[in-house]
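Some notes on the structure that comes next.
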Amino acid sequence: MSRISTSLTGTWQHMKRDRQLLVLFLPCLIFYIIFRYGPLFGLTIAFKDYNVFEGIFGSKWVGLKHFVKFFSGNDFLMLFKNTLTLGFFTLIFGFPIPILLAISLNELRVKWLKKSIQTLTYLPAFLSIVIICSMVIDFLSPNTGLINKLMAAVGLEKIYFMIIPEWFRTIYVASDIWANAGYDAIIYLAAVAGISPTLYEAAKVDGCSRWKSLWNITLPGLMPTILIMFILRTGKMLQIGYEKVLLLYNPTTYEVADVFSTYVYRKGLIESNYSYAAAVGMFEAFIAMIMLLSANFISKKAGGKGLW
Amino acid sequence: MSKRLLSMALTLMVTSSLLAACGSNNNASGKETNTTNGATNAPTNAVVEEATNQYGDTGGLKLPLVDKPTTLTWMVVSDFQLNDKLIAKEIEKRTGITVDFQSYSATTFDDKLRLVVASGKLPDIFSGLRPDELKKIGQQKAVVAINDYVDILPNFKKLYVDENPWVANSFGDENNNLYSWPIYNINRDVNHGMMYRKDIFDKNNIPEWTNTEEFYQALKKLKEIYPDSYPMASKTKDDIFRDLAYGWGIGGLSYPAYYDEANSTWKFAGTQPEHKEMLDFLKKLYNEGLLDQEFLTDTPESWTAKMTTGKSFVTWDWIGRLDLFYNQVSSENPEYNLRYGNPVGPTGNIRTLPRIDADFGITVANNGNKEAALKLLDYLTSPSGSQLTTLGIEGVNFNFDENGKPVYQELTDLPNVDIKALEDHYGMWVEGMYLNPDHRSVYYNFTEKEQEAQDKILSANKFEPLDPVLNLNEDEIATIAELQTSIIKSMNEFNAKYILNKNYGDKEWADWLVSAEKMGASKYSDVYNQAQKRYDANK
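Respectively, the protein sequence lines represent chains E and Z. Quick note: the first sequence uses my numbering, first residue 229, plus one each step. Quick note: the second sequence uses my numbering, first residue 33, plus one each step.
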C-alpha cells in the first residue's frame, strides 16, 4: 500500500517538477492522439461490412471474412511476390547509392563542383511524381526517347522498355534512385560532417592514405547512421507508392507491377469496397511491422545498435 | 508579464475566430434561415396563374412552387460561386425557393461528396453517387424514392412514367423505387469516332475508307509515303479495345458485358470470336508499323505531338478535337484539316448514346425540404426550366438571331461562347443542375466539322443498337465487382500481349479462353442474363 502511494507521489512530484517540459510536449501528444492513433480506430472496418451511410458503428461485424477472401483469392500470391520483390530491389539497389554519393561528394575537394553536383542530384526530389513518371516514359520512348536514340547511335537495337515486363522493375528502381538518391545523401553528408576532423589530422600525421582514412574513419563514423537508416528503410520496404506504379504500369506489365497498394486503390477507391481494401492495407502494415521488428532485432544481435 | 498577456490575448483571438468561423458556417448552410421568415402571406390564386403563365410551359406545375420562402442546399460540380449568378436569382424569383449552391470543382467534388455522405449530413439536393450506392442509401431512407411523389411531379410523370415507363425498371431498385432523377436527351448523336487528316489523304490521292479493308489499305499507303510515320495513333491506352468494340459488334455501355441482339443474350466480349478478329486486325496493323508502337502507353501529350506534327494521321477521339487540333497548329500549318471518318470494323457502326441517363445520380435527401426540392427538380425538367438552365432568359441575357441561334449580348467579345462561358457568367449548364437540356442551346451548335460528323453517321444510320439498361441487385453488383478486378486486368493483359507479341496466336487464344472461363467469364455474363430475365418479366 505504502509502496504504491510513494511511487504515485513520486510520479506526481516528477510531473510537478517537469510541468513546463510536459506542457511543451503536450501539442505533440495531442497531434499523435488525434492524427495518428485516432484514425487507427477506422481499421475496425476491416472486420465489418462497412456501409458509408450507417457509419463505422452501424455496420455489421463480419469477423475475418475479408481477410479470408483476400488470402484465398487468385491475386494474393502475385501481389505478395510483386510487392516483396519490388520493395527488396528498391532497398538493395536504392540504399547504398546515397551513401556512395555522400562519400564521394565528401572526397571531392573542388568546392564549386561539389556544390553543383549536390544541387543537381537532389533537384529531382522536388519534382512531383507525375512529372518524374512522364519524364521516364518520354526518355524511354522507342521513337522519340533519349535513351533509345543514344542506343541507336551506338548501333544497338531499339527497345520498347515500357511494355516489356522484364524491364519494369529496373525502370522502377532506377527512376527511384534518380529521383531520391541526392536527397537521401544529405543525411549522410551531415553525418560525415559530424566526424571530428582531429581524427583525420591524426591519421594523416601517422601517414594514413586517403583511401585508408576513408575506410577506417569515414565509414565507421557513418555506420550508426547507416544502420538506423537501414532499419527505417526495411520498415518502409512494402510501402510502394501506388501513384508511381499506377503511372508506370500498363496491361503488359501488370504481372510484375501490380502491388498491394495499387490493388487497394482499385478495390477501395474505384469500387468503393472499403472493408476489403482496409483488410488488405492492414495486412500490408502487419508485414511491414514484422520486417521492421526483425531488422531491429538482427541489427542488435549483430552487435550494432537498434532503433530501440 | 506583458508577454504572457500578449500570448494569452493571441490564443484567445485565434480560438474565438475559429469558433466564429464554425458558427458562421452553420448559418450559411441555410436551414435556420428558412424558418425565421416563415410567416409571409401566401400568394393568391390569381397571382399563381399569372406567375405560371409568364414563364412559359411549366408542364402543369404552379409557380411559385412554395407558399413560404424556402431555402434549399444543393451541391453541384462547378468552379464558380453560383449564388449571385443570374440563374440562382431567377430560380428564386420564379419558384420562391432560394437555393444555396455549394459548388466544388470537378477535381475535389468526389472527395468532398464522400465526406459529406460519410458525415450523414446530406445537402437537400446532390449528385455524383454511383447508382448502386444511391440505391443502398435510398433503401436506408437517406434519399427519397421519387416514384412516391409522382402526383406532385407532372414533368417527371410525363417523361419517366407515361412516355418511358421502363425507366424505373432499369434505374430503380428491386422494388422499382427510383432514387436518382434522370437526365433527358442530353447527348448529341455523335460524340466520338475515327478521325483522319483529310489534307494528307487528299494530297496523296487516298480516298476516305468506307470499310475495314480500305482503312487498312489507306494506312498502308500512308506508311509507304511517310515511312517514318505510324499512321494510326491512340491516346486511350487499353480503352482502345472498348472503344473499337462497337465496330465489331461487341461494344456496349456495360462493356465487357454486351447484349447480343441476334441471340437475345448477354455475352462477355473478351472471349468472343469477334474480339479475336479485332485483335487480329490490330495485330496486323501493329506488325506492319501502321499502328503506333506506343499505342498502349501514349500520354495525351505525346499523342497530341504525333497527331499535330505529321507523325500520325488517323486516330479515335472526341469530335471537339477536330477544331482543337486545328486551332493549335493553324498558324504554322493552315492546311491542317482533321475530319471525322467512317467507323472501322465489320459492322461499320459506332455507339449509340443513351437518351435517358440516370448515372449522374441527382438525388434528393429525405428531410423536411424534400417536397420543395423535388418540385424544384420537376420545374427544371419542364420546358420552362430547361430553357432557364441551358438557354437563358430571352430578352434578359440572350436573344435569338435570324437563324434561331441564341446570342448573348454581354458575351459578344468572347471568341467562343461555350457552355463553360455560360456557366461562368450566368450559372447555366452547371453539372448536376441541367435535367432536360434545350436543344437550341449553344451546346448543340455544331461547327462545320462537327456537323459533318453528325450528318455522316445519321444519314447512313451507322449506330449499334443500344443495350437494355439492366437493374442489377446488390448481390449481382457484388459478383460483378469481384470478378471485374481480375478478369478485366487479365483481359487487358492478354489483349496487349496478343498484339505485341509475335509468337501469340491461336494456341494462346485458346489458352486465354480457358483461363477466362476459370476467372468467371460466363459467370460474368450470367449475372446480366439473370437480370435480363427479371427485366423482361417486369415489363
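Where a beta carbon is used, it is the ideal one built from N, C-alpha and C, also for glycine. Computed from a predicted model, the values in this text were never measured in an experiment.
Per-residue DSSP class, three states only, for residue i
i	result
D143(Z)	helix
H224(Z)	strand
Y136(Z)	strand
A430(E)	helix
K464(E)	helix
R397(E)	helix
T297(Z)	strand
L95(Z)	coil
A397(Z)	strand
W241(Z)	coil
Y278(E)	coil
W240(E)	helix
V449(Z)	coil
T481(E)	helix
Contacting residues, own chain, Cβ-Cβ under 8 Å from residue i (five flanking each side not counted)
i	result
S61(Z)	Unreliable positioning characterises S61(Z) in this predicted model, as indicated by a pLDDT of 40, which lies under 50. A coordinate reading is not provided.
A337(Z)	K343
Residue i: contacting residues in chain E (beta-carbon distance under 9 Å)
i	result
L328(Z)	M390, I391, N478, P479, T480
K521(Z)	D303, P479, Y482, D486, R494
D270(Z)	N478, P479
Other residues of its chain near residue i: CB distance less than 7 Å, five sequence neighbours each side excluded
i	result
A274(E)	H294, S503, A506, A507, M510
W395(E)	F389
G417(Z)	Y411
L446(Z)	A453
K144(Z)	Y136
G373(E)	D366, F367
V487(E)	L307, N310, T311, L314, I468, V473
Neighbour-count burial assignment, residue i, 16 or more Cβ in a 10 Å radius
i	result
T239(E)	exposed
E549(Z)	exposed
M243(E)	exposed
F514(E)	exposed
M310(Z)	buried
I258(E)	exposed
P479(E)	buried
A71(Z)	Reliability of the predicted coordinates at A71(Z) is poor, the pLDDT of 42 falling under 50, and the value obtained from them is presented with this limitation in mind. By the neighbour-count rule (16 or more Cβ atoms within 10 Å), A71(Z) is not buried but exposed.
K299(Z)	buried
L314(Z)	buried
Y556(Z)	buried
P288(Z)	buried
E326(Z)	buried
I518(E)	exposed
C-beta contact flag for residue i and residue j at 8 Å
i	j	result
V462(Z)	V108(Z)	yes
K613(Z)	Y482(E)	Residue 613(Z) is absent from the structure shown; chain Z starts at 33 and stops at 571.
L539(E)	T490(E)	Because residue 539(E) is not part of the residues shown, which for chain E are 229 to 536, the question remains open.
P155(Z)	A397(Z)	yes
L174(Z)	N209(Z)	Note that residue 174(Z) corresponds to Ala in the displayed sequence, not to Leu. Not a contact, by the Cβ cut-off of 8 Å.
N302(E)	S518(Z)	yes
P163(Z)	G393(Z)	yes
G377(Z)	G279(Z)	yes
R229(Z)	Y476(Z)	no
N429(Z)	W350(Z)	no
T318(E)	V420(E)	no
E403(Z)	I184(Z)	yes
G92(Z)	P186(Z)	yes
I489(Z)	V559(Z)	no
6 Å Cβ shell around residue i - same chain, five flanking residues per side excluded
i	result
L454(Z)	M460, W461
I272(Z)	S266
Partner residues on chain E for residue i, Cβ-Cβ distance less than 8 Å
i	result
L515(Z)	Per Cβ cutoff of 8 Å: no residues; L515(Z) is ~11 Å from chain E at best.
A528(Z)	I391, N478, P479, T480
S212(Z)	Correct list: empty, because the minimum Cβ distance to chain E is about 15 Å.
Contact set between residue i and chain Z, taken where Cβ atoms lie within less than 9 Å
i	result
E483(E)	E525
P370(E)	Q325, E326
Contacts of residue i in chain Z (Cβ-Cβ under 7 Å)
i	result
I365(E)	T329, T331
R494(E)	T517
S362(E)	T331
Per-residue contacts from residue i into chain Z (C-beta, under 8 Å)
i	result
K377(E)	Correct list: empty, because the minimum Cβ distance to chain Z is about 14 Å.
N501(E)	A513
Chain-ordered neighbours of residue i on chain E, where CB pairs are closer than 7 Å
i	result
L532(Z)	I391, T480
S110(Z)	Residues of chain E passing the Cβ test: none, with the nearest at roughly 23 Å.
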